[in-house]
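Data block below; observations after.
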Amino acid sequence: MICFSVFVLSVLIFTVIAITYQPPDPWESSRSLPKVFNEVENATFQTETTVLKTGEDIATVPVAPPLGSSTPITESTIEKSEESISKNASALKKSARVDVSVVNCFDPRVLIAIQRFNLRVFKATTFVDYQTPVNGSRPDECDVGWRFRNKKEKSWRRYRDFRRFKIGFNDDCSHKVVRPGRWHSGLNARCARTKPNATRNGERSKPFSPNVRDDEINDTIPILGSDSAFRKGNKYLSYSRGGDYCKNMNHYIWSLMCVLAEARFLNRTFVMDLSVCLSSTYPQTHKDEEGKDFRLYFDFEHLKETSSIVEEGEFLRDWKKWNRSHNTKIPLRKVV
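Residues -18 to -1, 1 to 318 in mature numbering (1 follows the signal peptide of the UniProt record, and there is no 0) are what the sequence shown spells out, letter by letter.
Structure follows, in structure tokens:
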């Protein structure tokens, strides 16, 4: 009887507990999350009030000119040059009997005629300075070089061009430009190289180099340092010529940006072929021109400063040299 009473009492206690017990809400955590995020004062992430500058904001800020920069050539500077020449008119009166078939390229009035012509034709270009014109291939031709900037660019980077001009005379015996030459056509006005293009061993290297040497533009090919780089196990990314060869520049730039992004994503040095095929849409011959130097069309100095690149010819030579002198071959993985 006592056992039965204990059993009945335990059943009653269990029943009361089962009726009065309320389990926790399984959806309470999901409802609490929106509540926490809606309460700004108690949120974990505070509102950011600082101003973050983007590339567009920086581009709108005018860049200060570098120290020692030359004054751009304008119509006013040309007029001042003419005034200084007119002061020596007594020395120039001898030009009354002038041979129209022969042009004295060292005459300062020839340079003034070329400057005026460039200002009238190349309106999107800021001309920084000119060199003294030299004789061209014919008696009525003059070669002249100059430095220039693009007005649309925010940087103060200067470029160089040298062209051949056919010079004629007006009715008052003043000089005029009859016909301008193409880009880099004035070969006699280009700067001579001071140093040969040599490798680390002192041997003359075969890779092509730009026709013009400009001390302000560092477009030299970066040295690979193969022994130390190969020992460290540096990895490289190389592409064979594909469908973008001899295509238009937009197609070529798109392919180049893709491979540079892939090399940076994989943390590899890009093995770059600096030989560019110029599409037939650009030259006057309307034919594809191979063997063009990449550095004549793109800012190679900026590219090698921002990306890890090496020239393809130098890389292949150092690679073969390493395989001949070491037992351990450098592994190559081809991806199709």
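Idealized CB from N, CA, C, for every residue including glycine. Source: prediction; values computed, not measured.
Would you mind working out which of the options sits nearest residue i, comparing C-alpha positions?
i, options, result
"ASP281", "LEU256, MET(-18) and CYS(-16)", "LEU256"
"SER222", "LEU(-10), VAL253 and PRO204", "VAL253"
"ILE203", "LYS286, PRO54 and ASP226", "LYS286"
"PRO265", "CYS228, GLU296, SER68 and GLU294", "CYS228"
"GLN97", "GLU61, GLY118, VAL85 and LYS269", "GLU61"
"GLY118", "GLU272, ARG145 and ASP153", "ARG145"
"LYS217", "SER66, VAL292, VAL159 and ILE235", "VAL292"
"TYR279", "CYS259, GLY295 and LEU(-7)", "CYS259"
"ASN86", "GLY225, CYS155, TRP236 and THR59", "CYS155"
"PHE104", "HIS157, VAL(-13), ARG164 and THR59", "ARG164"
"GLU271", "SER289, LEU169, ASN230 and ASP153", "ASN230"
"ASN170", "VAL(-8), VAL(-3), PHE(-5) and CYS124", "CYS124"
Measuring only from the beta carbon, is residue i closer than 7 Å to any heavy atom that is part of the ligand NAP?
i, result
"LYS302", "Questions concerning the ligand NAP fall outside what the structure shown contains, since it holds no ligand whatsoever."
Just to confirm, are residue i and residue j a CB contact at a threshold of 8 Å?
i, j, result
"GLU64", "LEU101", "no"
"ARG131", "VAL110", "yes"
"THR108", "PRO54", "yes"
"VAL116", "LEU93", "no"
"PHE151", "VAL159", "no"
"PRO162", "PHE99", "yes"
From the DSSP output, read off the bridge partner residues of residue i.
i, result
"THR56", "According to DSSP, which records beta bridges pairwise, THR56 is partnered with nothing at all."
"SER220", "VAL253"
"THR202", "DSSP lists no partner for THR202."
"THR107", "ASN132"
Closer than 8 Å by C-beta to residue i: which residues in its own chain qualify, once you throw out the five before and the five after it? Chain order, please.
i, result
"LEU219", "VAL241, GLU244, ALA245, LEU248, ARG250, THR251, PHE252 and VAL253"
"SER83", "PRO121 and ASP122"
"LYS269", "SER262"
"TYR234", "ASP226 and VAL258"
"THR59", "THR53"
"ILE(-6)", "none"
Just to confirm my understanding: we take residue i, look at its own chain, exclude 5 residues before and 5 after, and list those with CB closer than 6 Å. What are they?
i, result
"residue 335", "Outside the shown range of the chain (-18 to 318) lies residue 335, about which nothing can therefore be said."
"ARG129", "VAL110, ASP111, ARG140 and ARG142"
"THR267", "none"
"SER307", "none"
"LEU238", "none"
"ASN24", "Here ASN24 scores only 44 on pLDDT, less than 50, and its place in the model is too uncertain to base an answer on."
"SER290", "THR251"
"GLY273", "SER257"
Residues in the same chain with beta-carbon distance under 7 Å from residue i, minus the five sequence neighbours each way, listed in chain order, please.
i, result
"ASN193", "Low local confidence applies: a pLDDT of 49 at ASN193 is under 50, so the model's placement there is unreliable, with the coordinate-based value given in what follows. If we look at ASN193 and ignore the five residues flanking it on each side, its Cβ neighbours are HIS166 and ARG172."
"LYS134", "ALA106"
"PHE276", "LEU256, VAL258 and PHE282"
"HIS157", "ARG91, VAL92, ALA95, ILE149 and PHE151"
- [ ] Tell me the start and end of each unbroken alpha helix (DSSP H) in the segment 237 to 309 that is at least 4 residues and wholly inside, in chain order.
- [x] For the segment 237 to 309, the full-length alpha helix (DSSP H) segments reaching 4 residues or more read 282 to 288 and 294 to 307 along the chain.
- [ ] At 3 residues or longer, and completely inside the segment 109 to 165: list those beta strand (DSSP E) runs for me, N to C.
- [x] DSSP runs (the beta strand (DSSP E)) wholly in the segment 109 to 165: 123 to 132, 141 to 151 and 157 to 162.
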